[in-house]
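In the numbering used here, the protein residues as written are 72 to 429.
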């Protein structure tokens with residue numbers, strides 16, 4: 072028909088599509104919406120304007136990976152041989168992630184000692200005592216930084232290796248290892264958000280490190296400067312791994328999307344009910360899938376220029392709905408991570424923002 076009524080942010084008025092020129096596209100979002108809905112004006116130059124289209128990515132079918140069934144309780148791959156470089160010891164890497172989680176979940180801040188040092192900046196003994204009290208915590212932080220750097224090398228290669236073999240269902244052991252690493256990233260960064268003492272301790276350490284005597288310091292001045300940038304991030308692992316994933320191609324990012332969709336499908340099929348069986352260190356399998364699903368969206372979003380919320384690879388609405396309606400005790404944390412740990416949520420479609428809204 073010549074006149075078509077389409078939704079518009081300004082008004083729901085009829086629009087004569089034939090009367091519009093390409094220059095109108097920037098100022099007429101209703102035209103873009105009409106094109107996204109499949110309406111035609113017989114004009115090849117009536118191009119789609121992605122910034123004006125809300126929800127265009129939801130019109131397609133559900134990705135096949137949503138119906139994938141993965142055995143996350145299977146033994147993860149112990150090692151992997153990448154296309155280039157030395158073998159990656161995944162078993163050792165996963166063991167370090169478990170140690171890191173134990174460390175951050177049991178973290179005890181040394182703010183009393185730091186406060187005394189701040190109040191007496193010229194007292195060598197007090198500053199030495201503060202440095203000694205901070206040793207274990209700073210050593211732990213340094214180990215987290217080293218782990219993030221090693222994961223930034225290993226994780227993209229795991230993803231690329233799975234991509235070369237095909238879908239994630241063809242590499243169950245590698246998929247299990249990838250899922251555990253992504254779940255760790257999510258859980259560690261969530262724990263970091265609620266432990267302000269980590270950054271305060273590190274700032275205190277930098278204050279006293281040059282004012283103490285007779286203490287073996289875990290980090291020198293230059294190393295402390297580098298690690299401080301890691302600690303300053305609200306989600307240090309997501310930030311570091313997101314930078315690493317920016318170098319990956321679309322085929323490799325598709326692995327993250329498939330893993331995300333498979334986890335979402337598992338959550339939906341469980342209808343949010345927690346199975347009695349628990350996974351070692353990760354709670355129930357459904358709880359584990361929630362963390363992997365959200366972690367994959369965060370990594371995909373940070374590693375892709377267009378972000379996750381505009382991707383056709385990810386069942387975005389289903390994932391956001393699963394986080395909101397089937398998030399269990401973690402509902403608030405899952406939704407907040409999708410909103411604040413991603414880079415493009417502020418420009419996500421209205422439907423996504425409505426789902427994740429308060």
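Just so you know, even glycine gets a beta-carbon here, dropped at the ideal spot from N, CA and C.
To the nearest angstrom, how far is the alpha carbon of residue i from that of residue j?
{"i": "residue 145", "j": "residue 189", "result": "50 Å"}
{"i": "residue 416", "j": "residue 197", "result": "46 Å"}
{"i": "residue 413", "j": "residue 242", "result": "28 Å"}
{"i": "residue 359", "j": "residue 296", "result": "34 Å"}
{"i": "residue 257", "j": "residue 362", "result": "6 Å"}
{"i": "residue 437", "j": "residue 143", "result": "Only positions 72 to 429 of the chain appear in the structure, and residue 437 is not among them; the question remains open."}
{"i": "residue 177", "j": "residue 380", "result": "34 Å"}
{"i": "residue 344", "j": "residue 398", "result": "10 Å"}
{"i": "residue 136", "j": "residue 332", "result": "6 Å"}
{"i": "residue 180", "j": "residue 195", "result": "21 Å"}
{"i": "residue 275", "j": "residue 201", "result": "8 Å"}
{"i": "residue 191", "j": "residue 183", "result": "13 Å"}
{"i": "residue 371", "j": "residue 324", "result": "6 Å"}
{"i": "residue 240", "j": "residue 335", "result": "15 Å"}
{"i": "residue 193", "j": "residue 405", "result": "46 Å"}
{"i": "residue 134", "j": "residue 387", "result": "10 Å"}
{"i": "residue 420", "j": "residue 164", "result": "37 Å"}
{"i": "residue 428", "j": "residue 225", "result": "35 Å"}
{"i": "residue 407", "j": "residue 266", "result": "16 Å"}
{"i": "residue 286", "j": "residue 220", "result": "27 Å"}
{"i": "residue 418", "j": "residue 320", "result": "23 Å"}
{"i": "residue 185", "j": "residue 422", "result": "47 Å"}
{"i": "residue 209", "j": "residue 311", "result": "19 Å"}
{"i": "residue 248", "j": "residue 395", "result": "26 Å"}
{"i": "residue 151", "j": "residue 322", "result": "19 Å"}
{"i": "residue 355", "j": "residue 337", "result": "12 Å"}
{"i": "residue 268", "j": "residue 403", "result": "22 Å"}
{"i": "residue 294", "j": "residue 277", "result": "11 Å"}
{"i": "residue 424", "j": "residue 132", "result": "21 Å"}
Excluding five sequence neighbours on each side, which residues of the same chain lie with their C-beta closer than 6 Å to the C-beta of residue i?
{"i": "residue 314", "result": "none"}
{"i": "residue 167", "result": "218"}
{"i": "residue 211", "result": "174"}
{"i": "residue 159", "result": "151 and 225"}
Compare the C-beta of residue i with all C-beta atoms of chain D and state if any pair is closer than 8 Å.
{"i": "residue 240", "result": "Here there is only one protein chain, and chain D is not present."}
Given the structure, does residue i come close to the ligand HEM, in the sense that its CB is under 7 Å from one of the ligand's heavy atoms?
{"i": "residue 198", "result": "In the structure shown, the ligand HEM is absent, as is every other ligand, since no ligand is present at all."}
DSSP puts residue i in a beta bridge; with which residues?
{"i": "residue 159", "result": "151"}
If you check the beta carbons only, do residue i and residue j fall under 8 Å apart?
{"i": "residue 289", "j": "residue 206", "result": "yes"}
{"i": "residue 147", "j": "residue 292", "result": "no"}
{"i": "residue 222", "j": "residue 252", "result": "yes"}
{"i": "residue 384", "j": "residue 309", "result": "no"}
{"i": "residue 264", "j": "residue 305", "result": "yes"}
{"i": "residue 141", "j": "residue 149", "result": "no"}
{"i": "residue 366", "j": "residue 262", "result": "no"}
{"i": "residue 318", "j": "residue 364", "result": "no"}
{"i": "residue 282", "j": "residue 339", "result": "no"}
{"i": "residue 369", "j": "residue 391", "result": "no"}
{"i": "residue 227", "j": "residue 139", "result": "no"}
{"i": "residue 382", "j": "residue 357", "result": "no"}
To which residues of the same chain is residue i closer than 7 Å at the C-beta, ignoring the five residues directly before and after it?
{"i": "residue 326", "result": "230, 233, 234 and 239"}
{"i": "residue 284", "result": "195 and 199"}
{"i": "residue 259", "result": "171, 172, 175 and 308"}
{"i": "residue 98", "result": "Per-residue confidence for residue 98 stands at a pLDDT of 41, beneath the threshold of 50, marking its modelled position as unreliable; the derived number appears in the next sentence. Correct list: empty, nothing qualifies."}
{"i": "residue 246", "result": "141, 233, 239 and 330"}
{"i": "residue 410", "result": "416 and 427"}
{"i": "residue 203", "result": "286"}
For residue i, I'd like the list of residues in its chain whose CB is within less than 8 Å of its CB, leaving aside the five on either flank, ordered along the chain.
{"i": "residue 187", "result": "197, 200 and 201"}
How do the stretch 199–217 and the stretch 160–179 stand: do at least 3 beta-carbon pairs fall below 8 Å, yes or no? These segments touch.
Contact the stretch 381–401 vs the stretch 298–307: 3+ CB pairs below 8 Å: Result no; under three Cβ-Cβ pairs closer than 8 Å.
Would you call the stretch 369–379 in contact with the stretch 262–276, where contact means no fewer than 3 C-beta pairs closer than 8 Å? When C-beta atoms of the stretch 369–379 are compared with those of the stretch 262–276, fewer than three pairs fall below 8 Å, so the two segments do not count as touching.
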